[in-house]
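Q:
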Amino acid sequence: MAGIPLILLAAVFFPGIIIRTKSIVSGRKGPGILQPMLDIRVLFGKGSVYSTTTGWVFKLAPVIGLATMLSALTVVPFANMPALIPFQADFVFFSYMLALGKFFMIIGALDTGSSFEGMGANREALYSMLVEPAFLILLGTFAMLTGYTSFSDMFMAFHVSGNPIITVFGLIGFYLLVQIAMIENSRMPIDDPKTHLELTMVHEVMILDYSGFDKALVHITTAIKFAVYGSLICSSLVPAEWHPGFQILLFFSVQVAFAVIVGIGESFRARNKMQKNAQFILTLTAVAMLAFLVVLIVTNKLII
Amino acid sequence: MTMLIVRRLLLTRWLMLLFVLIQWFFNGYVLLHAGQTELSYFTYDPAGVLFLGLLTLISTAAVIQGFPYFVSQLNKRFSYYYAALTGLIAAMTGAYMANDITLVWILVEATTLTASVLIYSERTLHALEATWKYIFICSVGIALAYMGILFLSLSMKGTGLHDLSFAGLTSVAHRLDPIYLKIAFLFVLTGYSTKMELFPMHTVGIDANSVALPPVGALISTGLVNLGFLSIFRVYKALSDSPIFVWMNKVLILAGVLSVLVAAGYMLKAKHTKRMLAYSTLENMGLVAIAIGIGGIGYYAAFLLLVLHALTKSSLFFQVGQMGRVLGTYKLDDSGLYLKLFPTGAIALLIGMLAILAIPPSGLFVSEYLILKALVAGKSWFVLILVLILLCCVIYALSTRVLHLLFSHPRENAGIHTQGTVGRWETISQFIFLMVVVGACFYQPPFLKDIINQIIAGLPNY
Amino acid sequence: MFYLLFVLFAGTLVYLSIAERFRSYAKLIAVQGFLLFAIALIELKTVNLASLIFVLAETLIFKAIVVPHFLFRIINQTKVYRVHPKAFPAFYSLLFTMAGLFMSIILSNMLKNPSLDAVFLTIALFTLFTGVLLIITHRRIFSHMVGFLVVENAVFFFSLAVGSEMPMLINIGILLDIFVSVLIIGVLMNRIGTQFSDLESDNLTSLKH
Chain A
41 MAGIPLILLA AVFFPGIIIR TKSIVSGRKG PGILQPMLDI RVLFGKGSVY
91 STTTGWVFKL APVIGLATML SALTVVPFAN MPALIPFQAD FVFFSYMLAL
141 GKFFMIIGAL DTGSSFEGMG ANREALYSML VEPAFLILLG TFAMLTGYTS
191 FSDMFMAFHV SGNPIITVFG LIGFYLLVQI AMIENSRMPI DDPKTHLELT
241 MVHEVMILDY SGFDKALVHI TTAIKFAVYG SLICSSLVPA EWHPGFQILL
291 FFSVQVAFAV IVGIGESFRA RNKMQKNAQF ILTLTAVAML AFLVVLIVTN
341 KLII
Chain B
1446 MTMLIVRRLL LTRWLMLLFV LIQWFFNGYV LLHAGQTELS YFTYDPAGVL
1496 FLGLLTLIST AAVIQGFPYF VSQLNKRFSY YYAALTGLIA AMTGAYMAND
1546 ITLVWILVEA TTLTASVLIY SERTLHALEA TWKYIFICSV GIALAYMGIL
1596 FLSLSMKGTG LHDLSFAGLT SVAHRLDPIY LKIAFLFVLT GYSTKMELFP
1646 MHTVGIDANS VALPPVGALI STGLVNLGFL SIFRVYKALS DSPIFVWMNK
1696 VLILAGVLSV LVAAGYMLKA KHTKRMLAYS TLENMGLVAI AIGIGGIGYY
1746 AAFLLLVLHA LTKSSLFFQV GQMGRVLGTY KLDDSGLYLK LFPTGAIALL
1796 IGMLAILAIP PSGLFVSEYL ILKALVAGKS WFVLILVLIL LCCVIYALST
1846 RVLHLLFSHP RENAGIHTQG TVGRWETISQ FIFLMVVVGA CFYQPPFLKD
1896 IINQIIAGLP NY
Chain C
955 MFYLLFVLFA GTLVYLSIAE RFRSYAKLIA VQGFLLFAIA LIELKTVNLA
1005 SLIFVLAETL IFKAIVVPHF LFRIINQTKV YRVHPKAFPA FYSLLFTMAG
1055 LFMSIILSNM LKNPSLDAVF LTIALFTLFT GVLLIITHRR IFSHMVGFLV
1105 VENAVFFFSL AVGSEMPMLI NIGILLDIFV SVLIIGVLMN RIGTQFSDLE
1155 SDNLTSLKH
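Residue numbers (the numbering used here), protein chains in the order written: chain A, 41 to 344; chain B, 1446 to 1907; chain C, 955 to 1163.
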């Protein structure tokens, strides 16, 4: 339970660190780290403008997005303390809460009646669908390895060092989680958040019509999503028995490192060709299956 | 090996005749020592003896019939051709006699390599395409057959046997794990179906036959096909004691029916004479597979069909070769009026057509009749009706094409073409073979019956 | 730790299904050759020394060095660098490959055999499946060639699994390698490359009816 304020705190800084990193790498000084938060505060003060073609779904979508995000937070553990409401197979709950939020964003974008946003919604739906097996296979492999099905129990039982094969699996899992986080948040190389060219946008085009309060909600959801994935990565890397103070320190450093990696990755990568995106995401599922194969071998389940 | 060095055509021809003579001597030696094992890897068992006799006969004719194709001394290709020919015949002889699965496999691999050299002897674009396909798909098939052999050896791992002889396999077959045997048999069947021209990998034989010189086509369609059949049959016989016997029969019947289906379908569209003959081989091999699968009198019918088909098909190929030399083309659209151009050959072609279509008085009629009888005895009505319908299609396709070839004008041009002449005496071997086939309809010599009975002695259902 | 080599091998196969440049194919075949050499080195301890050295030398020299060298030469000579522009989309071929991995895991669980390590069987079946998939779905002859090499690797894998009791089997498998690889790659690809300007199997369809 102590994890939730920490995650929210990390979410405050996360987008700022990414933008700052990208600016420094490009040779500029860049805006302050809290600048995105200041932008959100400005947006809270503004009023919303709604198009006449939209209905109640459009207004509801950002609220549901944030609400599902916060509900998903309730199952994420921290260190050796269980989550707020842990239960069996709660990682499926987590994944589908996120999917519910995304579903509402998609139909909110369709509600605008603009074919442009429909195109973005189409792509977003495809990429989420393709990345879901990767995520579930990865977490299923964790579950198979540790014998538990709840996030809290899994991370408490998972030790990344010790068996060299488990280390390899931990590395593969780390890479996968980073990539999945980048895909779920529509960053490079799937989608460039900076491009506002027609025909190349994926996520940005879905939220094109939001203004004011709704836009602020969308930005907050994105920031929290980043922080949650960072927390998952931290939990999978850091063993749960270490001292809590140490844990908090490591937590923040992992989040900062994650943000810097995202920033650097974005600066140096080009976006994929649009047709190649599907194949790229499917490759993640293939890598997840290979990790599954590794764990099968290690747990001697292959040789009965 | 000597063939490669020798560059003079006449010397090569004499060397080939010498090789044929050696082959006859070896055949006689094998007949005298039937049943013995030599060099611990070769056994002169009855099946090998039978097929070796056929091979000797056909290779003699093939070598002699092949002489007119390389008449010019300047053509250097003949050394490769004759070297590969001797290699092919030697490899087939060895493979008939081998009693170890892996040795058979190595020699079948050798036949692939030598046969592809022979197919490429014309050096045209078509030949290149056919050679590439032949080598590639045969190699994939051989690799699959090797997987099958590995599965067999894997299943034999617990029994303490350390070699893969057929005798050893027969003795332990009933103890082995059925799943591994099933997988092994499937792989072996698929792999060797490239050689036997059976479904599923029959396409290579078709392409190879349509491009190769007719004597080579004769050897491929008879010797290699018999070799493929023998490899599969030996594994089948070794595993006949095991629990998968019924399943193996079903698979063979399925493969056979599909082969006949494919052959009938493609033959209705065939436009090239040699290709048409290759489809006829496919159809006959399908019938053989069905016969083996049915059992009972079908075993005898299968071997009878194999022997007579070898004789008929080779004589047909030789005749088509002569037709090619007379008309200058193998395409059906451009050919016609053969009866006027070369009557002796046309008569041989006509008798050959009747023979291969199993129209009495052909010996193949007896074997196909026995197969249908076995199908009725086994109560496989669906297979029976399907096979009868498909055979009707095949008869229609082949007879219209051959009759058009003999009697009517070519479709494209109205005139008569003569590109070369063929002496009448060159058709002697064909008539001899065809007379044997026709005679077999009425009287099957007892030594043939004995040998076949020896081959199928150990099989259940008999 | 030894099993990591197997997983790396499976990784090369996954990469093979999505690669689009022929140089990547050649490099992957080389990597597979080295991995097979390492696996053979560790696995084959019960065979007599002479045939062990023969197997190792053949794997290292032939599969890892000579064959990729030939492949690179063919790429340079025929100047065909990529898969066909209208080739089978990589998305679907990756999907099929993953289905193949899944099926081979299930199949090897069904075919339990105490004398055979199940991991060998899984990876061998997966390799066979990927090789056949490469042959069936690709249009250029080079890809067919690479698919055949992958099938040979599968057979070699399997003979390693079976081979500790019957050493002759491995040597036979290697015979297959040497003869067919040298013949097909060395001789025929050059011929086809000079005759046809474009190594497409579409060109090899003149033999019909």
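From the three backbone atoms N, C-alpha and C, an ideal C-beta is built for every residue, glycine too. Since the model is a prediction, treat every value here as computed from it, not as a measurement.
Would you mind stating whether Ser-1759 of chain B and Ala-1663 of chain B have Cβ atoms separated by less than 7 Å?
A: At the C-beta level, Ser-1759 of chain B and Ala-1663 of chain B come within 7 Å of one another.
Q: With H, G and I counted as helix, E and B as strand and the rest as coil, what does DSSP make of His-1849 of chain B?
A: helix
Q: For the alpha helix (DSSP H) that contains Val-1720 of chain B, what are its first and last residues?
A: The question names Val, but residue 1720 of chain B in the sequence shown is Arg. That run of the alpha helix (DSSP H) goes 1718-1739.
Q: Just checking Ser-111 of chain A against the ligand SAM - is the residue's beta carbon closer than 6 Å to any of the ligand's heavy atoms?
A: Among the components of this structure there are no ligands whatsoever, and the ligand SAM is therefore not found.
Q: What are the residues of the segment 1657-1684 of chain B that lie near chain C, defined by any Cβ-Cβ distance shorter than 7 Å?
A: none
Q: From Ala-51 of chain A to Phe-292 of chain A, what distance separates their C-alpha atoms?
A: Cα to Cα, Ala-51 of chain A sits roughly 11 Å from Phe-292 of chain A.
Q: Please check if any C-beta of chain C sits within less than 7 Å of the C-beta of Met-1592 of chain B.
A: yes
Q: Tell me whether the beta-carbon of Gly-1741 of chain B lies closer than 7 Å to the beta-carbon of Ala-1657 of chain B.
A: no
Q: Could you check whether the Cβ of Thr-334 of chain A sits closer than 7 Å to any Cβ belonging to chain C?
A: For clarity, residue 334 of chain A is Val in the given sequence; the question names Thr instead. With 7 Å as the cut-off, Val-334 of chain A counts as an interface residue toward chain C.
Q: Can you list, in chain order, the residues of the segment 1099-1110 of chain C whose Cβ is nearer than 9 Å to any Cβ on chain B?
A: Listed by position, the residues of the segment 1099-1110 of chain C near chain B (Cβ gap below 9 Å) are Met-1099, Gly-1101, Phe-1102, Val-1105, Glu-1106, Ala-1108, Val-1109.
Q: Whether or not the segment 1127-1139 of chain C and the segment 1582-1597 of chain B are in contact is what I'm after, with contact meaning three or more pairs of Cβ atoms, one per stretch, closer than 8 Å; do they touch?
A: yes
Q: Should Ile-1830 of chain B be flagged as near chain C, meaning a C-beta pair shorter than 7 Å?
A: no
Q: Tell me which residues share the same chain as Ile-344 of chain A and place their Cβ nearer than 7 Å to its Cβ, disregarding the 5 neighbours each side in the sequence.
A: Low confidence applies to Ile-344 of chain A: its pLDDT is 42, below 50, so where it sits in the model is not reliable, and the reading given next is rough at best. Around Ile-344 of chain A: no qualifying Cβ.
Q: At 4 residues or longer, what runs of the alpha helix (DSSP H) sit wholly inside the segment 1619-1653 of chain B?
A: 1623-1641
Q: Would you mind stating whether Ser-971 of chain C and Leu-1048 of chain C have Cβ atoms separated by less than 7 Å?
A: yes
Q: Contact criterion: CB-CB distance below 7 Å. Does Ile-1059 of chain C meet it with respect to chain F?
A: Among the protein chains in the structure shown, which are A, B and C, there is no chain F.
Q: Buried or exposed: Cys-1837 of chain B, going by 16 or more other Cβ atoms within 10 Å of its Cβ?
A: exposed
Q: Would the beta-carbon of Phe-1080 of chain C fall within 7 Å of that of Leu-1055 of chain C?
A: yes
Q: Could you say which of C:Leu-1082, C:Val-1136, C:Met-1099 lies nearest to Phe-1110 of chain C if we only look at CA atoms?
A: C:Leu-1082
Q: How would you list, in chain order, the residues of chain B whose beta-carbon sits under 7 Å from the beta-carbon of Gly-1127 of chain C?
A: Tyr-1591
Q: What's the C-alpha gap between Lys-69 of chain A and Val-300 of chain A?
A: 15 Å
Q: In three-state DSSP terms, what is Asp-1401 of chain B?
A: In the structure displayed, chain B extends from 1446 to 1907; residue 1401 of chain B sits before or after that span and is not available.
Q: May I have a chain-ordered list of the alpha helix (DSSP H) segments no shorter than 4 residues that lie completely inside the segment 955-1007 of chain C?
A: As summarised for the segment 955-1007 of chain C, the continuous alpha helix (DSSP H) elements at least 4 residues long and confined to that stretch are 957-972, 976-997, given in chain order.
Q: Hey, how far is the Cα of Ile-1792 of chain B from the Cα of Val-1705 of chain B?
A: 27 Å
Q: Note down, in chain order, all residues in the segment 1031-1045 of chain C with a beta-carbon under 7 Å from any beta-carbon belonging to chain B.
A: Listed by position along the chain: nothing, the set is empty.
Q: Find the residues of chain C that neighbour Ile-1698 of chain B, judging by a C-beta separation of less than 7 Å, and give them in chain order.
A: Under the 7 Å cutoff, chain C gives no residues; its nearest Cβ is about 25 Å from Ile-1698 of chain B.
Q: Thr-1639 of chain B CB to nearest chain C CB: under 7 Å?
A: no
Q: With burial defined as no fewer than 16 other Cβ atoms inside 10 Å of the residue's Cβ, what is the status of Lys-1719 of chain B: buried or exposed?
A: With at least 16 other beta carbons inside 10 angstroms of its own, Lys-1719 of chain B counts as buried.
Q: Going by C-alpha distance, which of A:Asp-231, A:Gly-153, A:Val-82, A:Leu-106 is nearest Thr-93 of chain A?
A: A:Gly-153
Q: In its own chain, which residues sit with a C-beta less than 6 Å from the C-beta of Leu-1614 of chain B, not counting the 5 before and 5 after it?
A: Correct list, in chain order: Ala-1683.
Q: Within 10 angstroms of the Cβ of Met-314 of chain A, are there 16 or more other Cβ atoms? Answer buried if so, exposed if not.
A: exposed
Q: Please decide whether Ala-1572 of chain B counts as near chain C, where near means a Cβ-Cβ distance under 7 Å.
A: no
Q: Nearest by alpha-carbon distance to Ala-267 of chain A: which of A:Leu-170, A:Pro-117, A:Leu-83 is it?
A: The shortest CA-to-CA distance from Ala-267 of chain A to any of A:Leu-170, A:Pro-117, A:Leu-83 is the one to A:Pro-117.
Q: Report yes or no: is there a C-beta of chain C within less than 7 Å of the C-beta of Gln-295 of chain A?
A: no
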